[in-house]
Amino acid sequence: MEDEFDSEIPELVAAETIHQLQLGEDLNNINNNPIQAMAVTEPMAVTDMYFTDSRDQSINELTKEIKMLHGKIHELTAMVQSMQQQQQQQQTQIKYN
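The numbering of the sequence shown is full-length UniProt numbering, which starts it at 1 and goes up by one.
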């Protein structure tokens, strides 16, 4: 069991070394681009920035749609009330005729 574990150590060290070299290479290729720098050092921050922009845009679009639907609901409510009043008037006329 120990032999198996001991044989894995060099592989793990090699993998971590490769990862560190790639990270260093990425950092060297940044060329003073703060977004690219963040993408390498804090990938979730960049992802959140892009998601926040698209999320804000989606929220704005949904807000507009909700306001439009709210207006439609008021129109339909007024229409239904008008139809109910007409129906009541017709029923009243039928009773008295």
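Backbone N, C-alpha and C fix where the C-beta goes; we use that ideal spot for every residue, glycine too.
Nearest-angstrom Cα separation, counted from N60 out to Y96: 54 Å
Cα-Cα separation between M83 and I94, rounded to whole angstroms: 16 Å
Inter-residue spacing [alpha-carbon to alpha-carbon] between R55 and T63: 12 Å
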